[in-house]
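**Student:** For this note's numbering, add 17 to where a residue sits in the sequence shown, where the first one is 1.
Think of the CB as a built atom: it goes at the ideal place given N, C-alpha and C, for glycine as much as any other residue.
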Amino acid sequence: MTKKKPVRLRPYYKTRYAYEKLRVCKHCGAYTVLWEDKCANCGRLALIPVMNQARINAKRSMQNERLIALAMTLIAVLFSQTFLQIVSCLLGGIALTVLLWRFQRKMLEPETRRQLNRLLRSSERRIIEGIYLNLTTASAAIRDDEQLGYEILREIATIVHNDRIRLQQIMLLQSFMLRKDMELVLEPLMLENFEPALAEYIGELAKIKRELIKHQAIRYVLAYEHEILHMKNGENIMTAVAGATVRMKTYVDAYPEFILRYARKLPKDRYLRLYRLVRRNPNQSWNGLRDEVSAIYNEKYRWDPEFQNWE
Ligand SMILES: [Zn+2]
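1) Take the Cβ of residue 112 as the centre, count every other Cβ of all protein chains shown within 10 Å, and call the residue buried at 16 or more, exposed below.
2) How is the alpha helix (DSSP H) around residue 115 delimited, first residue to last?
3) Can you name, in chain order, every residue of its own chain whose Cβ lies under 7 Å from the Cβ of residue 279, other than the five neighbours on each side?
4) Would the C-beta of residue 27 count as close to ligand 1, meaning under 7 Å from any of its heavy atoms?
5) Only counting the same chain, and skipping five residues up and downstream in sequence, which positions put a Cβ closer than 8 Å to that of residue 324?
6) Among 61, 35, 84 and 228, which residue has its Cα nearest to the Cα of residue 67?
7) Tell me the rounded alpha-carbon separation between residue 77 and residue 28.
8) In this structure, does DSSP put residue 196 in helix, strand or coil?
9) Just to confirm my understanding: we take residue 75, look at its own chain, exclude 5 residues before and 5 after, and list those with CB closer than 8 Å. What are they?
10) Entirely within the stretch 191–235 and at least 4 residues each: give me those alpha helix (DSSP H) ranges in chain order.
11) So what does residue 65 bridge to, in DSSP terms?
12) So the alpha helix (DSSP H) residue 243 belongs to, where does it begin and stop?
13) How would you label residue 90, buried or exposed, when you count the other beta carbons within 10 angstroms and need 16 or more for buried?
14) Near ligand 1, which residues have their beta-carbon less than 5 Å from any of its heavy atoms, given in chain order?
15) Between which two residues does the alpha helix (DSSP H) containing residue 267 stretch?
16) Quick check on residue 299: buried or exposed, where buried means 16 or more other Cβ atoms within 10 Å of its Cβ?
17) Per DSSP, residue 22 is paired with what?
18) Does ligand 3 have even one heavy atom less than 7 Å from the beta-carbon of residue 278?
19) In whole angstroms, give me the CA-to-CA distance for residue 181 and residue 220.
20) Got a sec? Which residues, its chain only, sit under 7 Å from residue 233 by beta carbon, not counting five neighbours each side?
21) Please determine if the stretch 135–148 and the stretch 88–107 are in contact, where contact requires at least 3 C-beta pairs separated by less than 8 Å.
22) To which residues does DSSP link residue 48 through a beta bridge?
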């Protein structure tokens with residue numbers, strides 16, 4: 018592996034819905050998930066969030082409805098025979114249009130959502146083309162600016178969920194020096210199959226961001242334990258994950274045999290954590306884990322002052 022680079026990733030803005038990351042060009046209708054100012058397709062400064070485009074569409078369709086109502090009023094007036102008919106058609110038509118307008122004002126939000134659905138459904142092909150263009154930008158960036166490449170892929174991944182993009186992100190992350198204060202994620206990057214880079218990444222997170230190691234990651238390293246142990250750094254990865262697993266009792270309840278297999282290799286602080294957990298739950302044997310923890314204590318830490326006042 019080449020030397021890891023220090024990076025400072027730009028902040029990642031989480032949105033409630035994936036489509037909120039999508040922007041559309043008002044001029045040519047091209048889509049993007051990136052943060053560029055100019056449309057990559059036509060070069061104009063005309064990119065707006067899809068939600069805004071949906072609101073524009075909703076307002077336009079409502080305006081058309083009002084125009085139809087007014088046109089019908091006008092036609093009725095034209096066909097009127099008496100003055101009274103003219104006046105009543107005019108007043109009736111105007112009153113109906115005002116009512117319609119008031120109703121539409123209340124319906125703007127639901128209508129916008131309906132228009133958004135329509136827009137997304139009818140633009141599926143254009144969205145895919147746009148993301149494809151984004152991907153081309155990403156692969157160009159990856160060659161000379163891995164950080165930018167990763168940031169672009171991270172945006173694309175909010176819309177496109179596939180293993181190729183996940184793997185590319187993992188590979189890029191593995192070329193960075195990861196730090197505790199970085200906005201790192203694990204679950205969105207999880208793969209089904211065994212992938213050494215993912216195992217490495219999990220092992221690294223288990224050291225710097227233990228809170229990201231949850232059931233899914235633990236099950237992953239357990240499913241591929243054999244393969245991981247064949248990696249150069251494999252035993253360290255498994256030990257680091259075991260060390261992260263002792264973070265919470267629920268994980269110890271779920272994976273006692275796993276922790277037992279690596280308990281002896283745990284660094285002191287992780288073992289201390291496990292030791293305290295075991296002491297706090299005197300009625301649990303955890304399939305032999307309790308005995309193993311006692312044995313390790315007797316062999317290695319019996320005289321260690323840190324283990325004396327553990328409460
Ligand atoms: Zn455009």
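**Tutor:** Looking at the coordinates:
1) exposed
2) From DSSP, the alpha helix (DSSP H) with residue 115 extends over 100–139.
3) 255, 256 and 259
4) No - ligand 1 has no heavy atom lying nearer than 7 Å to the Cβ of residue 27.
5) 289, 292, 314 and 318
6) 35
7) Whole-angstrom Cα-Cα distance: 36 Å.
8) Annotated three-state conformation of residue 196 is coil, per DSSP.
9) 125, 128, 129, 131 and 132
10) 213–225
11) 41
12) 242–246
13) buried
14) 42, 44, 45, 47, 56, 58 and 59
15) 266–271
16) exposed
17) 193
18) Looking for ligand 3 in the displayed structure turns up nothing; the ligands present are ligand 1.
19) 21 Å
20) Hits under 7 Å: 204 and 207.
21) When Cβ pairs closer than 8 Å are counted between the two stretches, the stretch 135–148 is seen not to touch the stretch 88–107, the count staying below three.
22) 41
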